[in-house]
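Report on one structure; see the data block that follows.
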């Protein structure tokens, strides 16, 4: 998604490549003392099934994938893409646990906060 945001499409691939260059969690972290690869079972489900030409058509399959992951008891950690992906990600988890039981930690280089209805759409790359 983020049709006009060409860099967003490269985010997930770049993050995967950077994990291969770094230690990647096999040694204990210097501050917390946890080697996450030893303590956690991590599964990469690959890229979300999106339609690069339509945010609206992308929502249902992304939501379904995240819902399926959450329904296994796993905690989905969704990385990359643009802000239009945040809605189906959170909605998929809320489908399993209920919206009152879901929290979001959102990291970004800058806070995107456009007025509601940016470009005629409530859900867009300009809203977290």
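Numbering (my numbering), first residue to last: 2 to 129. A virtual CB, placed ideally from N, CA and C, is assigned to each residue, including glycine. A quick note: this is a predicted structure, and the numbers were derived from the prediction, not measured.
Classify residue i as helix, strand or coil using the three-state DSSP reduction.
{"i": "residue 20", "result": "helix"}
{"i": "residue 50", "result": "coil"}
{"i": "residue 31", "result": "coil"}
{"i": "residue 104", "result": "coil"}
{"i": "residue 26", "result": "coil"}
Please name the residue in the options whose C-alpha comes closest to that of residue i.
{"i": "residue 70", "options": "106, 87, 46, 50", "result": "46"}
{"i": "residue 20", "options": "10, 37, 33", "result": "37"}
{"i": "residue 12", "options": "84, 68, 43, 35", "result": "84"}
{"i": "residue 89", "options": "97, 34, 31, 60", "result": "60"}
{"i": "residue 49", "options": "80, 96, 100, 99", "result": "80"}
{"i": "residue 39", "options": "72, 27, 78, 96", "result": "27"}
What is the residue span of the alpha helix (DSSP H) that residue i lies within?
{"i": "residue 39", "result": "37 to 40"}
Would you call residue i buried or exposed, if buried means 16 or more other Cβ atoms sit within 10 Å of its Cβ?
{"i": "residue 66", "result": "buried"}
{"i": "residue 86", "result": "buried"}
{"i": "residue 74", "result": "exposed"}
{"i": "residue 93", "result": "buried"}
{"i": "residue 109", "result": "exposed"}
{"i": "residue 106", "result": "exposed"}
{"i": "residue 15", "result": "exposed"}
{"i": "residue 51", "result": "buried"}
{"i": "residue 35", "result": "exposed"}
{"i": "residue 56", "result": "buried"}
**Inside the stretch 56 to 101 only - alpha helix (DSSP H) runs reaching at least 4 residues** = 56 to 72, 87 to 98
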